[in-house]
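Going by the working numbering, the first residue of the sequence shown is number 7, and it counts up by one from there. For every residue, glycine included, the Cβ atom is placed at its ideal position computed from N, Cα and C. One structure is given here, and the rest of the page talks about it.
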Amino acid sequence: MCIRDRDQLLQLHTEVAKNWTKFQQYLEFWRDFSYSGEVQLQYLFKIDMLTILCDFFLEKKSPLPNFSVKKYSYGNRYQNAHFDPLVQTIWTLLRRVRVNSEKNQEPTTLAKDVHLYSLTENNKICLKCIDFYEKLIMPGYDFYSVGMILQHLCYNNYSLSQEVASLILVG
Numbered sequence: 007m008c009i010r011d012r013d014q015l016l017q018l019h020t021e022v023a024k025n026w027t028k029f030q031q032y033l034e035f036w037r038d039f040s041y042s043g044e045v046q047l048q049y050l051f052k053i054d055m056l057t058i059l060c061d062f063f064l065e066k067k068s069p070l071p072n073f074s075v076k077k078y079s080y081g082n083r084y085q086n087a088h089f090d091p092l093v094q095t096i097w098t099l100l101r102r103v104r105v106n107s108e109k110n111q112e113p114t115t116l117a118k119d120v121h122l123y124s125l126t127e128n129n130k131i132c133l134k135c136i137d138f139y140e141k142l143i144m145p146g147y148d149f150y151s152v153g154m155i156l157q158h159l160c161y162n163n164y165s166l167s168q169e170v171a172s173l174i175l176v177g
């Protein structure tokens, strides 16, 4: 598989979204790809994979309505879509990103002695969307990855911490 640009990847996401009961292998591919090494991470940041995954995850609630061609809904009342590999990929990407805190301190990261990437404007829009956290917390995805995403993004960020805490308390 050779994906040269983001438009091809978005077309592929549209095809995968049509078959939501079978897209777990596709998401596992991207998770395993992100685990593979620095060159693979550079590629994922180059094509803005964090935005692509967040947009895919949020479906019709995406704060980027014109980012992908068509939005699909996944799951039904009998079966939920399996997003664990997607959440794990988001965590893998986020731990290599500089996150600025509200207190104007040094940007935080959990990765040590590695190249750190910056968030794009689309990344920031997706990660500021409360629907992202609501969907991330409610269904009970991979608890470790969800916890690490929240820890990384909420560190020294009082307003986001408060919003996430209220979502957790509401249940």
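In the pairwise beta carbon analysis, the stretch 89–97 is classified as not touching the stretch 163–171: fewer than three pairs are separated by under 8 Å. The DSSP-derived three-state label of Val103 is strand. Cβ-Cβ distances below 6 Å link Asp61 to Ser68, Leu70, Phe73, Ser74 in the same chain, with the five nearest sequence neighbours on each side left out; the list follows chain order. Of the candidates His88, Asp90, Ala23, Phe35, Ala23 places its Cα closest to the Cα of Glu65. A Cβ-Cβ contact shorter than 8 Å links Leu92 with Leu33.
Arg102 counts as buried, since at least 16 other C-beta atoms from the protein chains shown sit within 10 angstroms of its C-beta.
Between the beta-carbon of Val120 and that of Leu159 there is about 18 Å, and that puts the pair past the 8 Å contact cut. Assignment of beta-bridge partners to Tyr123 by DSSP yields Val103.
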